[in-house]
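47 is the number of the first residue of the sequence shown in this note's numbering; add one for each residue after it.
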Amino acid sequence: MVMTSLTGPQVARADAKDPINLTELRKEAQVATKGIEDATRALEARRKKFDDSQRKLSEKLAELEVADEELAKVRGPLSDLVEFMYQDPTQNDLGQFLLSGDAQGTLRSMSDVSHLVAGRNHVVDDAAKLFAKQQKLAEEAQELRARSLLEEAELDAEIDSLRQRSTKVIKQLTQALTKLGVKVNQGGRGASACDPTRVAQAAQYPNGLLPKTILCPLPETGEELRADAAIAFADLNIAYRKRFGVPICVSDSYRSLAEQQRVYYTRPGLAAIPGRSNHGLGMAVDLCGGVEHFRSIQFNWLEANSKRFGFIHPDWSYHSPFEPWHWEYDPAVGSLL
Ligand SMILES: [Zn+2]
């Protein structure tokens, strides 16, 4: 049931060969983190289910115990009474009662005795059935507990291996980014720095209000993008530097809502309406160092190569408004890499 869903892509990925570039690493880290979260959720759900069935079973066992106690109460006096009647009838009052009186009365009394004996046997039978049922339930409970413990141990081991994989990938990614001068929140700890595994949560934040954990710094001081875009940009930058010997010049990147408003009011008509810009999603960069000139070598190189890294020059930026410097990360293009 739950186990089968966990032998899916996460586990397969754990055996996959090491990723080759930053974007690949980031995706691996994201998959690993999601794997841990999914497995942890599955574990919690299973524990809850186990607790529920355990509670039901113990309720049943308690009910059975009560029934058994009641039966024992009845069984005792009944059995005593019948035994008492089978003793020498002349030695007790009931015997006297049985022997005296008319034949009809005696026969009625004898039939009462048979009835009592039958009743006793019935009660003993019921008690035996109840006991068997109780035993069966107790066995079931034990089996359930054992199976659950085994599954939990397996799931724990799985989470462990996922965690190890995640730690390894995040370490690789962190080291690679650190080498490039990008400060990363190591292993997702702490709440104030870039965490490349949290991209999936970005969609829940409004334009211009992305938290620091989802933004990663670019090599250019003060510039930042959403984690996936920033890491893809780092890959793009490596290729660019190989070609031109210098890093890509960045003049603008993520803009908070406040910054968007400031730009909008100082350049009305030129900047996007606050809350609508892809800069506010941490997906857009404005570039310099030659790229800003349409059909420059740098522009042409980017136009030809950026898609390999998930970056595009959107259609509108060719004419309306004409912004050769504006480039965007497209997660759909990025996810095909
Ligand atoms: Zn722009």
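The beta-carbon is built from N, C-alpha and C at its ideal position, and this holds for glycine as well.
- Secondary structure note for V309: its alpha helix (DSSP H) is the uninterrupted segment 303-312.
- Shown here, F345 sits in a helix according to DSSP, grouped into three states.
- The beta carbons of Y375 and L219 sit no closer together than 8 Å.
- Within 7 Å of the C-beta of A330 there is at least one heavy atom belonging to ligand 1.
- Between Q76 and I284, the alpha-carbon positions lie close to 22 Å from each other.
- Beta-bridge analysis with DSSP links D298 to D332.
- DSSP places L271 outside any alpha helix (DSSP H); the residue lies instead in the beta strand (DSSP E), whose first and last residues are 270-272.
- In the three-state reduction of the DSSP assignment, L226 falls in the coil class, being assigned neither a helical nor a strand state.
- Under the DSSP assignment, E374 falls in the beta strand (DSSP E) whose first and last residues are 372-375.
- Cα atoms of N324 and R313: separation of roughly 17 Å, rounded to the nearest angstrom.
- Taking a cut-off of 8 Å for Cβ pairs, the segment 93-111 and the segment 255-265 do not touch, as fewer than three such pairs fall below it.
- In the displayed model, L256 falls within coil according to three-state DSSP, outside both helix and strand.
- Inclusion of L201 and L89 in the CB contact set at 8 Å is warranted, their separation being smaller than that value.
- V245 is a Cβ neighbour of A273, given a cutoff of 8 Å.
- For Y251, there are no CB contacts under 6 Å within the same chain when 5 residues up- and downstream are skipped.
- In terms of CA proximity to T224, P242 leads the group P242, I260, K288, G328.
- Under the three-pair Cβ rule at 8 Å, the segment 334-345 counts as touching the segment 275-295.
- Of the heavy atoms belonging to ligand 1, none sits nearer than 7 Å to the Cβ of H359.
- Across the set S157, E198, V163, S104, the C-alpha of E198 shows the shortest separation from the C-alpha of R93.
- Here the alpha carbons of D114 and V170 stand approximately 11 Å from one another.
- Secondary-structure assignment with DSSP links C262 through a beta bridge to L271.
- Only buried fits W371, as 16 or more other CB atoms lie within 10 angstroms of its CB.
- Between I358 and the set Y311, A378, D84, the nearest pair of CA atoms involves A378.
- Relative to ligand 1, the nearest heavy atom lies less than 7 Å away from the CB of H372.
- The beta carbons of A118 and E204 sit about 48 Å from each other, so the pair does not count as a contact at 8 Å.
- Taking a C-beta distance under 8 Å as the contact criterion, Y300 and G328 qualify as a contact pair.
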